[in-house]
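Here you go:
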């Protein structure tokens with residue numbers, strides 16, 4: 001078993017999380033940025049010591065579709081373990097809708113409604129959700 005390196009420290013305090021933007025940081029278009037795969041793998045050497053979350057503000061595709069696109073670029077489970085490692089603006093919107101008991105009339109891609117808004121009440125809308 002490989003022992004994880006010592007946790008990164010900043011100002012003598014342990015870093016609890018690494019929040020990594022996806023587009024432009026991990027990839028450009030459909031190509032991984034050189035070194036991004038190795039950097040992601042190194043972050044996961046800290047396993048339970050460091051929470052690693054990948055962020056994006058895209059509202060064009062579901063988190064499942066985004067993960068599949070990243071997999072096609074070479075980001076396997078050792079780089080990005082699963083869909084729960086990705087936080088999108090759509091995830092945040094879904095949480096907001098649920099927390100505030102909002103029922104959206106959705107003007108977004110079908111992929112989002114089918115995959116990321118499953119279980120969100122949409123009958124008798126009391127708000128409008130617009131995405132690109």
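In this note's numbering, the protein residues as written are 1 to 132.
C-beta: ideal position from N, C-alpha, C; glycine also.
Mind the definition here: the stretch 12 to 19 touches the stretch 40 to 50 only if three or more C-beta pairs lie below 8 Å; say whether that holds.
Judged by Cβ distances under 8 Å, the stretch 12 to 19 makes contact with the stretch 40 to 50, as three or more pairs qualify.
Determine the burial state of residue 22: buried for a count of at least 16 other Cβ atoms within 10 Å of its Cβ, exposed for fewer.
Residue 22 should be labelled buried.
What are the boundary residues of the beta strand (DSSP E) that residue 133 is part of?
Since the first residue of the chain shown is 1 and the last is 132, residue 133 is not available in this structure.
Residue 72 and residue 90: beta carbons closer than 7 Å?
Contact: no.
Every unbroken beta strand (DSSP E) inside the stretch 73 to 130 [3 residues or more]:
The stretch 73 to 130 contains these whole beta strand (DSSP E) runs: 86 to 88, 104 to 107 and 127 to 130.
If you run the structure through DSSP and keep just helix, strand and coil, what is residue 13?
Strand, per DSSP.
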